[in-house]
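Letter by letter, the sequence shown follows residues 86 to 365 of my numbering.
All C-beta atoms in this analysis are idealised placements derived from N, C-alpha and C, irrespective of residue type, glycine included.
Predicted model, so just to flag it, every value in this text is computed and none were measured.
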Amino acid sequence: MIRKRKKIIKDILTHMVLIIVVCFMMLPLMSMIGTAFTKHDAVASSTTMFPGLGEWSLENFSGVLRKTSYGRNMIVSAVVSVSATILGALVSTFSGYALSRFKGPFYTLNLFLMLLMQMFPGMLSTIPLFLMAIKLGLVDHLSGLVLVHLGGNLGFNLMMMMSFYDSTPVEIEEAGRVDGATNFQVFVKLILPLVKPGIATISIMVFLNSWNEYTMSSLLLRNNNLQTLTVGMTKFQSLDIIDWGYLMAASTLAVIPALFFMFFAQKYLVQGLTSGAVKG
């Protein structure tokens with residue numbers, strides 16, 4: 086009886102701590118949403134985290150959509166993110182299979198270089214990538230930013246897909262070839278269905294990283310008509326003034342596609358991260 090009571094008390098305390106932690110984590114998000122739905126004048130005259138409680142309005146959203154190029158920025162971000170996601174999935178799927186199955190004399194070197202890519206912060210490659218984009222004429226071209234986003238995620242994607250292919254039994258491929266299937270048929274019909282969680286995982290990661298990326302987007306896309314969402318939101322702030330109403334409304338709209346994407350892809354992300362972690 087005493088042991089059962091202790092377990093109940095422990096569970097209650099654990100859940101209370103978890104609830105408090107979640108509340109602290111959700112506080113910035115709730116503040117952003119609350120500010121976005123508050124009247125513009127009330128936001129400008131308030132210094133609290135939740136300004137103008139009860140003065141709800143869609144004024145900030147209408148101002149963002151009517152007075153700025155926010156809609157075009159969202160379209161540009163969608164084009165870049167979707168393109169980087171599709172290319173990243175294709176390159177990582179085929180390259181990961183090649184690195185996993187055809188381990189040549191430079192396999193260890195390739196693996197070392199991929200690990201090395203993950204050790205250094207991405208900011209170190211900002212200037213070299215910018216200079217390369219200038220020489221290749223990729224500044225103010227969406228293709229240049231897509232290639233940067235593709236390369237920035239490639240190391241993680243390859244390692245993730247290699248772990249999935251390594252955990253796939255080679256006997257499945259051998260059985261397919263015995264039955265008369267070509268190498269391409271074995272790969273498409275037998276191997277790809279087994280690594281779908283991995284493909285979904287890298288697709289989610291590439292999309293979110295590309296959608297939220299700012300530094301290279303601000304450097305490579307200087308044309309106002311080609312600015313991404315993150316770059317476009319900087320128009321709501323200057324050295325002296327920050328339009329918190331418009332900025333929070335723009336941030337809320339920017340979060341919606343990512344939340345929508347994650348809501349439907351969450352199970353694939355969890356399954357992919359756990360399945361690819363086991364080799365055997």
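Kindly give me the distance between the Cβ atoms of N294 and H226, rounded to whole angstroms, as I take these residues to be in contact under 8 Å. Rounded to the nearest angstrom, the Cβ distance from N294 to H226 is 20 Å, too far for a contact under 8 Å.
Check each candidate in F345, S166, I93 and T120 and name the one with the smallest Cα separation from L232. S166
Roughly how many angstroms lie between the CA atoms of M202 and S210, to the nearest whole one? 10 Å
Between the segment 324 to 338 and the segment 114 to 127, do at least 3 Cβ pairs fall closer than 8 Å? yes
Judging by CA-CA distance, which residue of S147, L175 and R157 is the nearest neighbour of N368? Because the chain spans 86 through 365 in this model, residue 368 falls outside it and cannot be assessed.
Closest Cβ-Cβ distance between G156 and chain C: below 7 Å? Reference to chain C is not applicable here, since this structure consists of a single protein chain.
Between which residues of its own chain and V363 is the CB-CB distance below 7 Å, once the five residues before and five after are set aside? Low confidence applies to V363: its pLDDT is 46, below 50, so where it sits in the model is not reliable, and the reading given next is rough at best. These residues qualify, in order along the chain: S252.
CB contact flag (Y250, G189, <7 Å): Not a contact, by the Cβ cut-off of 7 Å.
Test item: CB-CB of I257 and L275 under 7 Å: yes
Any idea if L194 is buried or exposed, counting beta-carbon neighbours within 10 angstroms, 16 or more meaning buried? exposed
So for A362, helix, strand or coil by DSSP? Annotation note: pLDDT 48 at A362 (below 50); position unreliable, coordinate value reported separately. A362 falls in the coil class under three-state DSSP.
Straight-line gap, G330 to V316 (C-alpha atoms, nearest Å): Spanning the two alpha carbons is a distance of roughly 17 Å.
Tell me where the alpha helix (DSSP H) around G229 begins and ends. L227 to D251
State buried or exposed for Y155, treating a residue as buried only when at least 16 other CB atoms are found within 10 Å of its CB. buried
Checking 7 Å against the spacing of the C-beta atoms, do L243 and M199 come in under that value? yes
Going by beta carbon distance, what residues of the same chain come within less than 8 Å of M208, once the five residues before and after it are set aside? T300
Please state whether the Cβ-Cβ distance between G283 and M247 is less than 7 Å. Remark: C-beta atoms of G283 and M247 do not approach each other more closely than 7 Å.
Run of the alpha helix (DSSP H) containing E258, from where it starts to where it stops: Per DSSP, E258 is one residue of the alpha helix (DSSP H) stretching across V255 to V263.
In the DSSP assignment, the alpha helix (DSSP H) including T286 goes from what residue to what residue? It spans K281 to N297 - the alpha helix (DSSP H) in which T286 sits, taken as one unbroken run.
Cα-Cα, which of L338, L344, F346 and K352 is closest to L143? L338
Reducing DSSP to helix, strand and coil, say where I326 ends up. coil
From what residue to what residue does the alpha helix (DSSP H) around M202 run? Y192 to M204
Could you check whether N158 and Q312 sit closer than 7 Å to each other, using their CB atoms as the reference points? yes
Could you check the C-alpha separation between K89 and D96 for me, to the nearest Å? K89 and D96 have their alpha carbons spaced roughly 11 Å apart.
Does the Cβ of F109 have 16 or more other Cβ atoms within 10 Å, making it buried, or fewer, making it exposed? exposed
Look up T337 in the DSSP assignment and say whether it is helix, strand or coil. helix
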